[in-house]
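Asker: Going by this note's numbering, the first residue of the sequence shown is number -9, and it counts up by one from there. We put the beta carbon where it would ideally sit given N, CA and C, even for glycine. Remember, it's a predicted structure, so these values are computed and weren't measured experimentally.
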Amino acid sequence: MLRFFSPGYIATGFVAVLVGYAGAGAIVFQAANAAGATPDQISSWLWAVGIGMGVSSVGLTLFYRQPILIAWSTPGAALLATSLPGVPMGDAIGAFIFSSVLLTLCGVTGLFEKIMAFVPQSLASALLAAVLLRFGLDAFVALEADVLMVGAMVVVFLGAKQFLPRYVIPLTLLTGVVIAFSGDQISPIEADFALTWPVFVMPSFDIPTLIGVGIPLFVVTMASQNVPGIAALRAHGYTAPTSPLIGWSGFTGIVLAPFGGFAFNLAAITAALCMSPDVHPDPAKRYPTVLWASFFYALAGLFGAAITALFIAFPAPLVMAIAGLALLSTIANSLESALKHEPERDAAILTFAVTASGMTLLSVGAPFWGLIIGMCAYLFKKYVTPSRNA
């Protein structure tokens, strides 16, 4: 019990939620505004995603005793911000439910798990390394923006890695927060810390909206979120079955869609923070970090806009630095795993390069195409090249 209250667990859970909200919280506001939501409905959306992520994450984590973090679909929110203007709120909610039903079916039927079972570990690791690479690079982009704060964070990070590895994240975060406060860099929070109440919207099912919004939301959530999410689990050696994870995240969306819970999926970037060796050297003892992240998610849901404003108040260089530094170990381990098997190296580096490029093709993001191109290279070398050499 005392170990559960370790500063390392608490700080890493907080950082995971901070990175999620500070990096993409504003997109949820934009998506809700695009749907014509009232202020109460916008708060309800924040309630739904916070409670949904918190409850589903803690339930799955305790059941499997593995760090399983559920998140909202960030590319899904970005898609909604551009596709919902002019769509009645009831029709939008209907599209959310439709997309979540499709996600649930992918889990219940085991289809997604069967597909992912064919993916070699090297390609999963390459995919994860590429997804996280931008965050690692951004830590040093942030150094250009604020040399004093980020430079001090880097120094503390390196020192703590050598002498206090269990406390590297809390000490690095504390350094950034102290310097940000002393330099008046944390924005004032002008929000009422009152409990947020959910607002129910009766769904309606308009066929063009289901096709034009629901299906794209399902595709980007599966391809850009769940694929890297499974890759993160597998790259860290966690073996929780894929189908229940996808199914429960989809079911969470079905339940919370009428309140604004537009899409839930496996986290990749924030989950990688919770799975890092910096959390605990023993992978079996990292899951309490997700329990703390779940607590902060639920808190953000209960206090809606006020807590979101708190997370967004942190200066961007601090968020970029703590996320990038915390992910460096995971990036390094993933690259090592991706490239250590020579026969799979070409396919792995293709997966890494395509995913890291950030390309978008047919409205589907780079992680999906990186995996497709890498798998094609892997299968070609495995089945075609030997026969030609023979």
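For Gly42, which of Gly355, Gly173 and Tyr287 has the nearest alpha-carbon?
Answerer: By 1-based counting over the sequence shown, the position of residue 42 is 52. It is Tyr287.
Asker: Please tell me whether Gly26 and Trp282 are closer than 8 Å, where the distance is taken between their beta carbons.
Answerer: Position 36 of the sequence shown, counting from 1, holds the residue named residue 26. Position 292 of the sequence shown, counting from 1, holds the residue named residue 282. Cβ atoms of Gly26 and Trp282: not closer than 8 Å.
Asker: For Ser194, which of Cys264, Val269 and Pro248 has the nearest alpha-carbon?
Answerer: For the purposes of this step, residue 194 is taken as residue 204 along the sequence shown, with counting starting at 1. Cα-wise, what sits closest to Ser194 is Pro248.
Asker: Would you give the residue range spanned by the alpha helix (DSSP H) that Asn255 belongs to?
Answerer: Translated into the one-based positions of the sequence shown, residue 255 becomes position 265. That residue, Asn255, is in no alpha helix (DSSP H); its beta strand (DSSP E) goes Phe254 to Leu256.
Asker: Give the straight-line distance between the Cα atoms of Ile197 and Ala67, rounded to the nearest whole angstrom.
Answerer: As a first step, residue 197 must be located in the sequence shown, where it is residue number 207. As a first step, residue 67 must be located in the sequence shown, where it is residue number 77. Their Cα atoms are separated by approximately 20 Å.
Asker: For Trp359, does the three-state DSSP call read helix, strand or coil?
Answerer: One-based indexing of the sequence shown puts residue 359 at position 369. If DSSP states are grouped into helix, strand and coil, Trp359 belongs with the helices.
Asker: By Cβ distance, which residues of its chain are closer than 6 Å to Cys96, with the 5 residues on each side in sequence left out?
Answerer: The residue given as residue 96 occupies position 106 in the sequence shown. Excluding positions up to five away in sequence, the list reads Phe102 and Ile236.
Asker: Can you give me the Cβ contacts of Ala367 inside the same chain, cut-off strictly under 7 Å, excluding the 5 residues immediately before and after it?
Answerer: Position 377 of the sequence shown, counted from the first residue, corresponds to residue 367. Excluding residues within five positions, the ones whose Cβ falls inside 7 Å are Asp336, Ala337 and Leu340.
Asker: Report the CB separation of Thr260 from Ala6 in whole angstroms; it is logged as a contact under 8 Å.
Answerer: Along the sequence shown, one-based indexing puts residue 260 at 270. Along the sequence shown, one-based indexing puts residue 6 at 16. Right, the Cβ-Cβ distance comes to about 4 Å (below 8 Å), so this counts as a contact.
Asker: Taking only runs that begin and end inside the region 50 to 107, name each unbroken beta strand (DSSP E) of 3 or more residues, in chain order.
Answerer: Fully enclosed beta strand (DSSP E) runs of 3 or longer: 60 to 62.
Asker: Determine, using beta carbons only, whether Met265 and Thr320 come nearer to each other than 8 Å.
Answerer: Within the sequence shown, the letter at position 275 stands for residue 265. Within the sequence shown, the letter at position 330 stands for residue 320. It is a contact, given that the beta carbons lie within the stated cut-off.
Asker: With distances taken Cα to Cα, identify the nearest neighbour of Ser390 among Phe301, Phe342 and Val374.
Answerer: For residue 390 there is no data in the structure shown, the boundaries of the chain being -9 and 380.
Asker: May I have the straight-line CA-CA distance separating Leu117 from Lys104, to the nearest angstrom?
Answerer: Taking the first residue of the sequence shown as position 1, residue 117 is located at position 127. Taking the first residue of the sequence shown as position 1, residue 104 is located at position 114. Leu117 and Lys104: Cα-Cα distance of roughly 18 Å.
Asker: Can you tell me where the alpha helix (DSSP H) holding Ile323 begins and where it ends?
Answerer: Residue 323 sits at position 333 when you count from the first residue of the sequence shown. Here residue 323 turns out to be Asn, not Ile, going by the sequence shown. Looking at the DSSP string, the run of the alpha helix (DSSP H) that includes Asn323 is Ala306 to Leu329.
Asker: Please report the Cβ distance between Gly126 and Leu317, rounded to the nearest whole angstrom; I am assuming they are in contact, meaning their Cβ atoms lie under 8 Å.
Answerer: Along the sequence shown, read from residue 1 onward, the residue named residue 126 stands at position 136. Along the sequence shown, read from residue 1 onward, the residue named residue 317 stands at position 327. The Cβ separation is near 6 Å, so the contact holds.
Asker: Comparing C-alpha positions only, which one of Ser33, Phe108, Arg(-7) and Val18 sits nearest to Ala296?
Answerer: Working through the sequence shown from its first residue, we reach residue 296 at position 306. It is Ser33.
Asker: Beta-carbon separation of Leu207 and Leu69 under 8 Å?
Answerer: Counting from one through the sequence shown, the residue named residue 207 turns up at place 217. Counting from one through the sequence shown, the residue named residue 69 turns up at place 79. In this structure, Leu69 lies closer than 8 Å to Leu207 by Cβ.
Asker: Sorted by chain position, which residues of the same chain lie with C-beta nearer than 6 Å to Phe254's C-beta, five sequence neighbours on each side aside?
Answerer: Here residue 254 corresponds to residue number 264 of the sequence shown, with the count starting at 1. Hits under 6 Å: Gly42, Ile60, Ser239, Thr242 and Gly243.
Asker: Taking the beta carbon of Pro178 as the centre, do at least 16 other beta carbons fall within 10 Å, making it buried, or is it exposed?
Answerer: As a position in the sequence shown, residue 178 is number 188, starting the count at 1. Label assigned to Pro178: exposed.
Asker: Quick one: residues in its chain with C-beta nearer than 6 Å to the C-beta of Gly250, no 5 flanking neighbours on either side, listed in chain order?
Answerer: For the purposes of this step, residue 250 is identified with residue 260 of the sequence shown, where counting begins at 1. Cβ neighbours of Gly250 beyond the five flanking positions: Ser34, Trp35 and Ala38.
Asker: DSSP on Leu163, reduced to helix/strand/coil?
Answerer: Position 173 of the sequence shown holds residue 163. Leu163 falls in the helix class under three-state DSSP.
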